[in-house]
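Since the structure comes first, as C-alpha cells, the remarks are kept for the end.
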Amino acid sequence: VGRLDAMTSVNARALDYYDGQEIERLPAASLERRARILHAMGEDEKSLGDYDEAERLFAEAHRTTAQLLADEPDNPDRIFAHAQSEFWNAQIPWLLKDFPVARQAAGNYYDQALRLSELEPGTERAAREVSFALNSICGVEVQAKNNSERAVDWCRQFRDSAYANLKRRPDDPDFLQSAAVGDAWYADALVNVGRLDDSLQARVSQYEKLDRLVAADPRNFDHVELRARAMMSLMEAYIRVGDAGSARKFAERARQEYLRLVTYDPDNQLWRDMADRLERKDITDQMGKNDGVSE
9 VGRLDAMTSV NARALDYYDG QEIERLPAAS LERRARILHA MGEDEKSLGD
59 YDEAERLFAE AHRTTAQLLA DEPDNPDRIF AHAQSEFWNA QIPWLLKDFP
109 VARQAAGNYY DQALRLSELE PGTERAAREV SFALNSICGV EVQAKNNSER
159 AVDWCRQFRD SAYANLKRRP DDPDFLQSAA VGDAWYADAL VNVGRLDDSL
209 QARVSQYEKL DRLVAADPRN FDHVELRARA MMSLMEAYIR VGDAGSARKF
259 AERARQEYLR LVTYDPDNQL WRDMADRLER KDITDQMGKN DGVSE
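For the sequence shown, the numbering used here assigns the number 303 to the last residue and increments by one with no breaks.
Put into C-alpha cells, the structure is as follows:
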C-alpha cells in the first residue's frame, strides 16, 4: 500500500518471530527468509532516511547469506539469496556517493548473477538477476559521472536485457517497470556524453511505460512515485533541449503528484523533499543555466 509505517510494523513482527528462536539452529531456508526480512526492513529504513540502521540491517543479511553460500557454493538458491544481499550492500554507499564501494558491490552482484546464469541457463530468474545487476553497474557509472561511451554501453546492455525480459511477458508489471528503469539510466548516460535529443526520447519512453503501470494499478503508490520521478526527469530533459513550455507542464504535474503522495504518507521524507524541491523550482532561471539554450 506504499505506507512505510505499515510495512515497518509487519517486518518487525516477522523478524520477532525468528529472533524468538535459536538462530544458529534454524534450517537454511528459514535463514534465507530471515535475510529477506532484513533486506525489506533495510529498504524501509533507507526510505525513512536512517542510513546507518539500513546499512546495519543489510550487513547482517549479507553475513547470513554469505555463510549459507559458503556451505553450499553450487546451490543456485544460495547464490540467488546472496546476490540479493550484494544488491542491497551497494545501496547506501551508492546513495552517499561512495562510488568505489558501490561499484565493488555492484560488481559482486553481477558476478553472482552470472554464476546463477551458468548453473540454470535460460531460466527467468537468472535472466532477471543479470538484468538487475547490469542496472546496478550502469547506475553507479552514470551517477559517478563516468562521461564515456563505456558507461553508455553498460546502460544499453541493461536496457536491452530489460526489453528482452519484457518481450517474454509484455503485461508483467515488474518487467515493465524494469524496462522503464532501463530507459531512465540510458537517458542519463546519453546526457553525460552530450546526446540530448536521444536522451529526451528515452525519457519519453520511460514515462509512457510508467503511465501504463499506474493505469493498471492506481493504488500502487510505488508506481505512482516512479511516475512522478519520471515527470521530473522529463522536465529536466525539456529544459536541456530548450522547451520551457513542456518543462513547466511536467514540473507542475510532478509537484501535484508528490503533494498527493505526501498527503497519503507524511512520514516519507523523500516524498516531502521532492515536493519542496518542485515548489522552489524556477524553470526560467534553470533555462538560463543551460549553455546554448534559450526559451
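Idealized CB from N, CA, C, for every residue including glycine.
Here the structure is a predicted model, which is why all the values come from computation and not from measurement.
Quiz item: Enumerated in chain order, which unbroken segments of the alpha helix (DSSP H) with a length of 4 residues or greater are wholly contained in the stretch 151-221?
Solution: Correct list: 157-176, 181-200.
Quiz item: Can you list, in chain order, the residues of its chain whose CB lies under 8 Å from that of phenylalanine 107, leaving out five sequence neighbours each side?
Solution: Closer than 8 Å at Cβ, skipping near neighbours: Pro101, Val148, Gln151, Ala152.
Quiz item: Between the C-alpha atoms of arginine 237 and glutamate 216, what's the straight-line distance to the nearest angstrom?
Solution: Computed Cα separation, rounded: 13 Å.
Self-check item: Contacting residues, own chain, Cβ-Cβ under 6 Å from glutamine 165 (five flanking each side not counted)
Solution: Cβ neighbours of glutamine 165 beyond the five flanking positions: Leu142.
Quiz item: How about alanine 74 and histidine 90: are their beta carbons less than 8 Å apart?
Solution: Against a cut-off of 8 Å, the Cβ pair of histidine 90 and alanine 74 comes out as a contact.
Exercise. Starting from the Cα of valine 222, find the closest Cα among Lys257, Arg235, Ala210 and give me that residue.
Key: Here the closest residue by C-alpha is Arg235.
Quiz item: Which residue's Cα is closest to the Cα of phenylalanine 229: Phe88, Asp273, Glu128?
Solution: If we check each option's Cα against that of phenylalanine 229, Asp273 comes out closest.
Exercise. Could you tell me how far apart the beta carbons of cysteine 170 and serine 139 are, in whole angstroms, since I believe they sit closer than 8 Å?
Key: It is worth fixing the name first, because residue 170 is alanine in this sequence and not cysteine. With a beta-carbon spacing of about 5 Å, alanine 170 and serine 139 fall inside the 8 Å limit used to define contacts.
Exercise. Less than 8 Å between the CB atoms is what I'm expecting for glutamate 80 and arginine 86, so what's the real figure, rounded?
Key: Yes, glutamate 80 and arginine 86 are in contact; Cβ-Cβ is about 5 Å, under 8 Å.
Quiz item: How big is the Cα-Cα spacing for alanine 67 and alanine 43?
Solution: So the alpha carbons of these two residues sit roughly 10 Å apart.
Quiz item: Expressed to the nearest angstrom, what Euclidean distance is found between the alpha-carbon atoms of serine 241 and arginine 203?
Solution: Serine 241 and arginine 203: Cα-Cα distance of roughly 15 Å.
Exercise. Classify lysine 54 as buried or exposed, calling it buried when 16 or more other Cβ atoms lie within 10 Å of its own Cβ.
Key: For lysine 54, the number of other beta carbons within 10 angstroms of its own is at least 16, and it is reported as buried.
Quiz item: In three-state terms, what does DSSP make of threonine 73?
Solution: Helix at threonine 73.
Exercise. Whole angstroms is fine: what's the gap from valine 9's alpha carbon to proline 181's?
Key: Residue placement at valine 9 cannot be trusted, given a pLDDT of 45 that sits under 50; what the coordinates show is reported in the next sentence. Approximately 16 Å, taken between the alpha carbons.
Quiz item: When the Cα of leucine 286 is compared with those of Leu104, Asp275, Leu198, Glu244, which residue comes out closest?
Solution: Closest option to leucine 286, Cα to Cα, is Glu244.
Practice problem: Grab the span of the alpha helix (DSSP H) containing proline 101 for me, first residue to last. | Solution: Note, proline 101: alpha helix (DSSP H), 99-103.
Practice problem: Count the other CB atoms, across all protein chains shown, that sit within 10 Å of the CB of lysine 289; report buried if there are 16 or more and exposed otherwise. | Solution: Under this definition lysine 289 is a buried residue.
Quiz item: Do leucine 46 and alanine 328 come within 8 Å of each other at the CB atom, strictly closer than that value?
Solution: The first residue shown for the chain is 9 and the last is 303, placing residue 328 beyond what the model contains.
Quiz item: By Cβ distance below 8 Å, which residues in the same chain neighbour phenylalanine 258 in space, the five residues on each side in sequence not counted?
Solution: Excluding sequence neighbours, phenylalanine 258 sits near Met239, Met240, Leu242, Met243, Tyr246.
Quiz item: So asparagine 116 is in the alpha helix (DSSP H); what residue range does that whole segment cover?
Solution: Note, asparagine 116: alpha helix (DSSP H), 107-127.
Quiz prompt | Same chain, Cβ closer than 8 Å to alanine 36, neighbours up to 5 away in sequence not counted | solution = Short of 8 Å from the beta carbon of alanine 36, and not among the five residues preceding or following it, lie these beta carbons of its own chain, in chain order: Leu76, Asp79, Glu80, Arg86.
Quiz item: Roughly how many angstroms separate the alpha carbons of arginine 167 and valine 201, rounded to a whole number?
Solution: CA-to-CA, the gap between arginine 167 and valine 201 works out to about 17 Å.
Quiz item: How many angstroms separate the CA atom of histidine 231 from the CA atom of arginine 41?
Solution: Those two C-alpha atoms are separated by around 25 Å.
Quiz item: Which residues in the same chain as tyrosine 3 place their Cβ atom closer than 7 Å to its Cβ, once the five residues preceding and following it in sequence are excluded?
Solution: Missing from the structure shown is residue 3; the chain here goes from 9 to 303 and no further.
Exercise. Have a look at leucine 267 and serine 125 and give me their C-alpha separation to the nearest angstrom.
Key: Going by the C-alpha atoms only, they are around 42 Å apart.
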